[in-house]
Amino acid sequence: MSIYQERILDHYKYPRNQGEIEKPDKKTAVHNPLCGDSIKMYAVFEKNKIKKISFIASGCVISKASASLLSEYAVKKSKEQLRKLDKAFIINMLGIELGPNRVKCALLALEALQKLLI
Amino acid sequence: MINVTKIKKDFPIFTFNPELIYLDSTATSLKPQLVIDKLNTYYQEYSANIYRGIYDISEKATEEFEKTREAVASFIHSYLSDEIIFTRNTTESINLIMYTLGDKIISKNDEIAVSIMEHHSNFVPWQVLAQRKSATLSIIDIDNNGQLVDISKTVTKKTKILSLTYISNVLGTINPIKKIIQQAKQINPEIIVIIDAAQAVPHIKVDVQDLNCDFLVFSSHKMLGPTGVGVLWGRKELLEHMNPFLYGGEMIETVSTKQTTYKTTPQKFEAGTPHIAGIIALREAIEYINAIGLKHIYLHEQTLVNYAIHFLEDSFKKKIQIFGPREMRSGIISFTLDKIHPHDIAQLLNDDHIAVRAGNHCAMPLHTRLHITASIRASFYLYNTTHDIDMLVKSLHKAIKIIG
Ligand SMILES: Cc1ncc(COP(=O)(O)O)c(C=O)c1O
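Protein chains in written order, with numbering that gives the first Met the number 0: chain A, 0 to 117; chain B, 0 to 403.
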């Protein structure tokens, strides 16, 4: 089955939480030099939880859709909860099968999120 | 003219994958049944080590092995089969030269020249050597056509090594290697010229005598042969003065507890048991290519690449950016399409059983020079048809519709 399902393409074409937050508590940037994907991510925290999160991504469908879906999920979640997220979670969240080469694209957003939580 | 319908029958991969449209021969070529059978015959009928056994099947293996050396020598028009050294691949051949000759002749403030269109395997070893010796790595640029600029701005009297690709694995540019070598040797008569012919030997007639280079390297797996086999051709007088690369069995003459002496070339550079079956089967690949004729293969690829460029440009107009020159190019097309990430294109093409490469194709400096991070590459060989290109264009239209 194609990985380009409607839900994925929808998040790619109309990303949720896209953009920059003006005064974030934390911001980070990650980059995959091999394919040129890059993600900047911004967050505002309230106590231990993410109050607001946003990102700017350039890259393939998978990396962008993954960032969009993950940002939706992350809102109102605690740092502890989010630190537990792993590869299996991301693959499940996307709901598509990915070969070893494309998994890296999907995981870039998670890498950015984890850096925000440090 | 070559008969592709007949040729495709020689490649069993099309029996196992009837829908496959393979447009990635630049990465590695497909293998004809004859080559696969030749590997099996060695393992089934005479799988003995070479040089060592005084018994029939070892003699047979040695003989078959050495026959490939002769076949390779005549394929690239080397006078002496002693000038053919078997390695694992192009990358190892280049590293061998770097570690033995390069290490010896490069010192502080010397210059090593490469071009911006090199594959990493002909870029990184020289960058590392230059750094280690405090030498300078000079880089020949390309023009807007994707052709090399005049080398006289880069190659100087201090340039001790010039290592250059014959054909770019991204742009498809066929460099005027013979002229460049002449020019380089006028600038510095002592210069050592190494030619990365990984994309040339499978597609055009390469003649080391005519080119007047010092070393020339390529890989079996890109010319219908097995993986794990590479070739290094070098001038005998140079090879004789070079130290061994790896030490061990097969390459020694005498060993005492105090001292070891080495065999002469080529064995001096072939330590350990090589990929015997692969090397033997490479001869089958060469014979297959010879039977069809490099001239015919080249003309076929020219037809395909010209057809593809016109069809792609007609179909996608300003949405497509095709890199590389319109003349003197081999059957390789790299492009970007409508700001869609190349990985997405490749993935969508895969849904239609079309295999292309997406990424930087082991040529990051070139992609940086072109101001892109990745491209899509379609490449052609003797088993491709214009129908393959029609399917490619159709599938690209679909990709734009889905994610464009
Ligand atoms: C121009 C060029 N040089 C070197 C190489 C490296 O070949 P190998 O991977 O067989 O060592 C390639 C293969 O991709 C190539 O296209």
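Every residue, glycine too, gets a C-beta built ideally from N, C-alpha and C.
At a Cβ cut of 8 angstroms, what residues of the stretch 249–263 of chain B count as close to chain A, listed as they run along the chain?
none
Should Ile6(B) and Leu381(B) be called a contact, given that it needs their Cβ atoms to be closer than 8 angstroms?
Here residue 6(B) corresponds to residue number 7 of the second sequence, with the count starting at 1. Here residue 381(B) corresponds to residue number 382 of the second sequence, with the count starting at 1. Going by C-beta atoms, Ile6(B) is nearer than 8 angstroms to Leu381(B).
Drop a sphere of 10 angstroms on the beta-carbon of Ser73(B), count the other beta-carbons inside from all chains shown, and report buried for 16 or more, exposed for fewer.
As a first step, residue 73(B) must be located in the second sequence, where it is residue number 74. The residue is exposed, with fewer than 16 neighbouring Cβ atoms inside 10 Å.
Does the distance between the C-beta of Asp195(B) and the nearest non-hydrogen atom of ligand 1 fall short of 7 angstroms?
Looking up residue 195(B) in the second sequence gives position 196. Checking every heavy atom of ligand 1 against the Cβ of Asp195(B), one is found closer than 7 angstroms.
Might you give, ordered along the chain, the residues of its own chain that have their beta carbon closer than 6 angstroms to the beta carbon of Asp351(B), omitting 5 neighbours on each side?
One-based indexing of the second sequence puts residue 351(B) at position 352. Ser394, listed in sequence order.
Within the continuous beta strand (DSSP E) that includes Glu45(A), where are the two ends?
Residue mapping note: residue 45(A) aligns to position 46 of the first sequence, counting from 1. Taken as a continuous stretch (DSSP letters only), the beta strand (DSSP E) holding Glu45(A) covers 36–45.
Start-to-end residues for the alpha helix (DSSP H) that takes in Ser148(A)
What is shown of chain A runs 0 to 117, which leaves residue 148(A) out entirely.
So, is Ser114(B) buried or exposed, given that buried needs 16 or more other C-beta atoms within 10 angstroms?
The count along the second sequence starts at 1 and reaches residue 114(B) at position 115. Ser114(B) comes out buried.
Do Ile332(B) and Ile321(B) have their beta-carbon atoms positioned less than 8 angstroms apart in this structure?
In the second sequence, the residue the question calls residue 321(B) occupies position 322. In the second sequence, the residue the question calls residue 332(B) occupies position 333. Yes, the Cβ-Cβ distance between Ile321(B) and Ile332(B) is below 8 angstroms.
Burial state of Arg101(A) (16 or more Cβ within 10 Å)
In the first sequence, counting from the first residue as 1, residue 101(A) sits at position 102. Result: buried.
Nearest to His366(B) by CA position, among Pro32(A), Asn16(A), Ala66(A), is which residue?
The sequence position of residue 366(B) within the second sequence is 367, counting from 1. Cα-wise, what sits closest to His366(B) is Pro32(A).
Cβ closer than 7 angstroms: which chain A residues qualify as neighbours of Leu347(B)?
On the second sequence, residue 347(B) is found 348 positions in, with the first residue counted as 1. Under the 7 angstroms cutoff, chain A gives Tyr3.
For Asn211(B), I'd like the list of residues in its chain whose CB is within less than 6 angstroms of its CB, leaving aside the five on either flank, ordered along the chain.
Position 212 of the second sequence, counted from the first residue, corresponds to residue 211(B). Excluding residues within five positions, the ones whose Cβ falls inside 6 angstroms are Ile180.
Whether Ala47(B) touches Ala26(B) by CB criterion (8 angstroms):
Within the second sequence, residue 47(B) is the residue found at index 48, counting from 1. Within the second sequence, residue 26(B) is the residue found at index 27, counting from 1. It is not a contact, given that the beta carbons lie outside the stated cut-off.
Measure from the alpha carbon of Ser106(B) to the alpha carbon of each residue in Glu69(B), Thr158(B), Ala280(B), then state which is nearest.
Looking up residue 106(B) in the second sequence gives position 107. Nearest of Glu69(B), Thr158(B), Ala280(B) to Ser106(B), Cα basis: Thr158(B).
Taking Val29(A) as the query, report the chain B residues whose CB atoms sit under 9 angstroms from its CB, ordered along the chain.
Counted from its first residue, the first sequence places residue 29(A) at position 30. Simply none; closest approach about 15 angstroms.
Kindly confirm or deny that the stretch 354–366 of chain B and the stretch 5–25 of chain A touch, where touching means at least three C-beta pairs closer than 8 angstroms.
no
Would the beta-carbon of His220(B) be found less than 7 angstroms away from any heavy atom of ligand 1?
Along the second sequence, one-based indexing puts residue 220(B) at 221. Yes, ligand 1 has a heavy atom inside 7 angstroms of this Cβ.
Top-ranked residue by Cα proximity to His30(A), from Leu112(A), Ile117(A), Leu107(A), Lys114(A)
Taking the first sequence and counting its residues from 1, one reaches residue 30(A) at position 31. For His30(A), the nearest C-alpha among the options comes from Leu107(A).
Closer than 8 angstroms at the beta carbon, the chain A residues around Ile401(B)
Walking along the second sequence from the start, residue 401(B) turns up at place 402. Under the 8 angstroms cutoff, chain A gives Tyr3, Leu8.
Below-8 angstroms beta-carbon distance, Tyr72(A) vs any chain B residue
Mapped onto the first sequence, residue 72(A) falls at position 73. It does not; no Cβ of chain B falls within 8 angstroms.
Buried or exposed: which applies to Phe85(B), given that a residue is buried once 16 or more other Cβ atoms fall within 10 Å of its Cβ?
Working through the second sequence from its first residue, we reach residue 85(B) at position 86. Under this definition Phe85(B) is a buried residue.
Taking the DSSP output, what are the residues bridged to Glu110(B)?
Position 111 of the second sequence, counted from the start, is the residue given in the question as residue 110(B). Thr135(B), Thr158(B).
Between which two residues does the alpha helix (DSSP H) carrying Val3(B) extend?
Walking along the second sequence from the start, residue 3(B) turns up at place 4. Unbroken alpha helix (DSSP H) run through Val3(B): 3–8.
Thr260(B) - containing beta strand (DSSP E), residue span:
By 1-based counting over the second sequence, the position of residue 260(B) is 261. Where Thr260(B) is concerned, the enclosing beta strand (DSSP E) stretches over 259–261.
Straight-line CA distance for Glu269(B) to Pro324(B)?
For the purposes of this step, residue 269(B) is taken as residue 270 along the second sequence, with counting starting at 1. For the purposes of this step, residue 324(B) is taken as residue 325 along the second sequence, with counting starting at 1. Their backbone Cα atoms lie some 39 angstroms apart in a straight line.
According to DSSP, is Gly248(B) helix, strand or coil?
Your numbering for residue 248(B) matches position 249 in the second sequence. In the structure shown, Gly248(B) sits in coil (DSSP, three-state: anything other than H, G, I, E or B).
Exposure label - Tyr165(B); buried when at least 16 CB within 10 Å
Mapped onto the second sequence, residue 165(B) falls at position 166. By the 10 Å Cβ count, Tyr165(B) comes out buried.
Could you list which residues in chain B have their beta carbon closer than 7 angstroms to that of Gly58(A), in chain order?
Position 59 of the first sequence, counted from the first residue, corresponds to residue 58(A). Correct list: His340.
Would you say the beta carbon of Thr158(B) is closer than 7 angstroms to some non-hydrogen atom of ligand 1?
As a position in the second sequence, residue 158(B) is number 159, starting the count at 1. Incorrect: Thr158(B) has no Cβ contact closer than 7 angstroms to ligand 1.
Taking the C-alpha atoms as reference points, what is the distance between Leu38(B) and Ser329(B)?
Counting from 1 along the second sequence, the entry for residue 38(B) is found at position 39. Counting from 1 along the second sequence, the entry for residue 329(B) is found at position 330. Approximately 30 angstroms, taken between the alpha carbons.
Report the three-state DSSP secondary structure of Asn174(B) (helix, strand or coil).
Your numbering for residue 174(B) matches position 175 in the second sequence. If DSSP states are grouped into helix, strand and coil, Asn174(B) belongs with coil.
Do we get a CB-CB distance below 8 angstroms when we pair Gly18(A) with the residues of chain E?
Annotation note: the requested chain E is absent from the structure, which comprises protein chains A and B.
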